[in-house]
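Remarks on the structure that follows.
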Amino acid sequence: MKRKMNLMNMNAGTKGEKEMDRKSFNVLIVSPYLTGCAYEWLTNENIEVQMEQFGFDPDNLCGIKKISSEAYEVILHTPQWDGSGCCDAISTLDLERNMPDLIIAGATESVENGMLEYKKCDTGAIVARYSIFYGEPSRYTGRTADEAGYALDLPKSVQAVKELLSYVPILDVIKSRDLKKIIAATASLNKISQNDPVIVTSYMAEVCSSI
16 MKRKMNLMNM NAGTKGEKEM DRKSFNVLIV SPYLTGCAYE WLTNENIEVQ
66 MEQFGFDPDN LCGIKKISSE AYEVILHTPQ WDGSGCCDAI STLDLERNMP
116 DLIIAGATES VENGMLEYKK CDTGAIVARY SIFYGEPSRY TGRTADEAGY
166 ALDLPKSVQA VKELLSYVPI LDVIKSRDLK KIIAATASLN KISQNDPVIV
216 TSYMAEVCSS I
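Residue numbers (the numbering used here): 16 to 226.
This is the structure:
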């Protein structure tokens with residue numbers, strides 16, 4: 016019995032050491048399509064429409080606070096959504112004092128305008144667009160992803176986001192803000208992914224040069 020208890024303590028210590036070795040990676044998600052619980056901001060009759068026309072996946076990141084791997088503890092920060100699916104996150108963000116490693120944002124007109132303001136202020140924020148307009152200009156504003164201040168363009172797929180946030184080479188290079196390495200790591204992810212490719216927009220070069 017004593018030998019078994021000692022072994023258990025040893026395993027507990029090893030697990031604790033692994034957790035301590037993980038680096039933190041902070042992600043701010045500004046899209047109810049990724050973090051909103053369907054029945055909190057959608058009516059029953061609206062859910063099917065959102066799924067068919069706007070790519071809503073009920074099996075999203077709602078309630079998930081972190082994604083862990085051997086190298087990283089990816090911490091998900093999410094705003095509070097009201098009953099209409101709107102939030103006040105954009106106006107209250109203070110990127111000068113609390114810059115996340117990555118922002119994943121939708122592309123409603125109000126959210127896009129917020130991201131455009133960050134671009135004008137040269138905040139250096141790396142923002143990934145999560146939208147049905149993937150690969151195309153916004154049908155709300157006519158802006159392309161790079162024009163609006165998005166450095167990455169993601170397919171509107173919850174699985175693609177989970178994959179991105181679990182791929183250690185991407186997390187490493189986003190932290191480093193090295194443009195060539197970001198392009199290379201993204202290409203590596205796209206080669207092994209079964210999702211549509213993550214697009215590095217031309218705005219990424221401007222973001223990396225501002226740090």
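C-beta atoms are modelled at their ideal positions from N, C-alpha and C, and glycine is treated no differently.
Note that this is a predicted model, so its numbers are computed, not measured.
As computed with DSSP, V42 is found in a beta bridge with L91, L117. Listed in chain order, the non-local C-beta contacts of N128 below 7 angstroms within the same chain number zero, local neighbours out to five positions each way being set aside. The beta-bridge partner set that DSSP reports for I214 consists of D168. The segment 117-128 makes no contact with the segment 209-219; the number of CB pairs closer than 8 angstroms stays below 3.
Counting the other CB atoms within 10 Å of its CB gives I141 a total of 16 or more, which places it among the buried residues. Taking C-beta atoms as the reference points, K196 and G164 fail to come closer than 8 angstroms. Counting the other Cβ atoms within 10 Å of the Cβ of I118 gives 16 or more, which makes it buried. Distance from the Cα of G78 is smallest, within the candidate group S84, A86, P94, for P94. Proximity to K171 across Y155, L186, G150 peaks at G150, based on C-alpha coordinates. For K177, the enclosing alpha helix (DSSP H) covers residues 173-181. Taking each of M219, V183, V222 in turn and checking the Cα distance to S203, the smallest one comes out for V183. Between V173 and L43, the C-beta gap is not smaller than 8 angstroms, which leaves the two residues out of contact. In this structure, DSSP gives A200 a helical state, which the three-state scheme calls helix. Partner residues in the beta bridge of V142, as assigned by DSSP, are I118.
Collapsing the DSSP output to three states places I79 in coil.
In the structure shown, A86 falls within a coil segment according to DSSP collapsed to helix, strand and coil. Excluding sequence positions up to five before and after I90, its CB lies within less than 8 angstroms of the CB of S39, F40, N41, V42, K80, K81, all in the same chain and listed in chain order. Distances from the CA of E178 to each of K206, M219, S224, E132 were compared; the closest alpha carbon is that of K206. At a Cβ-Cβ threshold of 8 angstroms, R144 and L167 count as neighbours.
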